[in-house]
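Written out below as structure tokens is the structure these notes cover.
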Amino acid sequence: MDRMPRFRRRPKHPTIKTDARPVTAPAADRDRDFDRDSDRDTTPTLPTPPRKHQPERFLKSLHLRTPNKRARSPPPAELPSSPPPAIAMHDVGIASTGAPLETTLDGPLTGSTTESDTERLTRRDSMKRARARARGAEKKGLKPVIPTFLTHSESNLMEKFQEITWIERNRLTFGPCVLEHVDLRTGPNDRPDPKRAGMDRYCNIKPWSHNRVKLQVGEDCLNYVNASPIVLESDADPNLPPLRYIAMQGPTRQSLEYVWRMIAEQVASPVVIVQLTNMVEHGTQKCFPYFPQERSEEEGAWKINEGDSWGDGWSAELEFEEATTLAGGAIELTKMRLRVNGEEEGKVVWHFLYTRWPDFGVPAIEDLESFFELMKLSREYGGDGDAPRVVHCSAGVGRTGTFISLEHLMRELEAGYLEGYDGDEEEPDLVFETVDELRRQRRSMVQADTQFLFVYRVLRKLWLDKYREATAGEYEGPATKRLEIGGEREGEGGPFGGPPKEE
């Protein structure tokens, strides 16, 4: 029996005499298997190196992570105009070898560069002029003009989202911002520290090294919490106190004691915590249950740091006192008492759990009233001081950033800042500037495109509600896809007799 040849021999093409340069294909090429289209290609092809041992090399460089170190999942593609894959991968890339994530970018760095000091000052001057015009318009009784950035189409807003994502990319690559990686190995033979490995819920969501909360512990002790101090000043009224927050990831089992020590050190009584994620969503744990949710006569108060992890004798007790539900069950309010080192009075802790905000999504239209109620109550229960409110979701960037940015923008709207716009395209985009400022303080704030659009739409609706009578419905055009948001409900004094004034 005749033996079948292993490779099909490619037919030899005649030499093209009009070409002065001789083209001779290597012998290895003549034995390669080509399809019909490649037979017509006269360009010589270099032989492909053997791939026999590539899987082995890949396995050698693979470092497995614990379940608590999984990467943050990408936002679902809910909008017709989603960012390109290069931008999405920036938010969810995995550094399996332990290298910093900001060095594993895909695609060329294009788009806007980081803002210079001159550009930042120019932007601030533009905001000051808008504020001055607002005061002048109020005195003269002029009709308010809706800001141009609140009239953009969805496609324009998606371009802005891509732009702000590239700004953050370039900030990582060319700017002074560095992500804090407490779990990186310092040498090829180092083993991961179990205490450090479980401090982050997601391996690609880290605080900036220059802007993170540090525990007041010894130099040789781990002082890390995945949390960032956030400060937003008012451009409408410099006399208004800045809004202060601590934006953090949802606590893990390993970070529980670190979180409560941070709260004890950074927040005066009364403490307000706003949780924007359920403990479990779609069968996945989004936040470890880090506080007692009911009274237990057998266990009593929670003991924190019984093992003296920092070696300085710090310890605390966390005791459940009361719990109730508000806003038709959308808000679960828990009152607790935090006592450090056996103190008698301790700190009152108000914990607000908002149960109707999906991950990577936005509140439903029918839940917006309860969402605004959450903002209002968290401010009221925080007392009159300038202590920060602790705000977190699962990763501490998407829902957390949306909550913080909207609260700041709503305050600017109420203070009259958006009355000074005259419809000029060059006027500053307050939403864009707010989100960019948040991302300067914590990476990926307002993470999903749906959340970015949600901020614009809500602010537009609130502007129309505020100035509908003054503008005689001029901007109520049918072309705009508007959200129907219910009016703010009057407070009922709060549960448990309202927030105690003496604490």
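Read the sequence shown against the numbering used here and you will find it ends at 808, with the numbers running on by one and no gaps. Cβ atoms here follow ideal geometry from the backbone N, Cα and C, with glycine treated the same way. In this text, all values refer to a predicted model and were calculated from it rather than measured experimentally.
- Residue pairing by DSSP places H697 opposite M553, Q580 in a beta bridge.
- Here A621 is bridged, per DSSP, to I609, V645.
- Between the segment 612-630 and the segment 589-601, the count of C-beta pairs closer than 8 Å reaches three or more; the two stretches touch.
- Non-local beta-carbon contacts of R747 in its own chain, meaning distances under 8 Å to residues more than five positions away in sequence, involve P512, W513, N516, S533, I535, A552, G701, V702, G706 in chain order.
- Inter-segment contact for the segment 572-591 and the segment 751-771 is absent: fewer than three beta-carbon pairs are separated by less than 8 Å.
- Counting the other CB atoms within 10 Å of its CB gives L764 a total of 16 or more, which places it among the buried residues.
- Close CB contacts of A573 within its chain, under the 7 Å cut and outside five residues either way in sequence, are with G690, A692 (chain order).
- If you look at W655, you'll find it in the beta strand (DSSP E) that goes 652-659.
- In terms of Cβ geometry, L520 and N531 do not form a close pair [threshold 8 Å].
- Distances from the alpha-carbon of K652 to those of W565, S614, G666, E781 put W565 closest.
- According to the DSSP assignment, L477 belongs to the alpha helix (DSSP H) that extends over 459-479.
- The C-beta of P547 has fewer than 16 other C-beta atoms within 10 Å across all chains shown, which makes the residue exposed.
- DSSP places V736 in no beta strand (DSSP E) but in the uninterrupted alpha helix (DSSP H) bounded by 735-746.
- Nearest C-alpha to M567 among M584, A621, D525, A606: A621.
- Under DSSP, I636 shares a beta bridge with L631, Y659.
- For A532, the uninterrupted beta strand (DSSP E) run begins and ends at 532-537, by DSSP.
- Annotation for V522: N528, W615, D617 place their beta carbon closer than 7 Å to its own, counting only its chain and skipping 5 residues before and after.
- For the options Y726, D729, S710, the alpha carbon positioned closest to that of V736 is the one of S710.
- Around T639, the same chain offers A628, H656 as residues with beta carbons nearer than 6 Å, after the five sequence neighbours per side are excluded.
- Rounded to the nearest angstrom, the Cβ distance from S675 to G633 is 7 Å, consistent with a contact under 8 Å.
- At a Cβ-Cβ threshold of 8 Å, V740 and I469 count as neighbours.
- For E779, there is no enclosing alpha helix (DSSP H), as DSSP marks it with neither H nor E.
- For V585, the three-state secondary structure derived from DSSP is strand.
- Shortest Cα-Cα distance from E473 to any of K448, E738, R661 involves E738.
- R704 places its beta carbon 8 Å or farther from that of L561.
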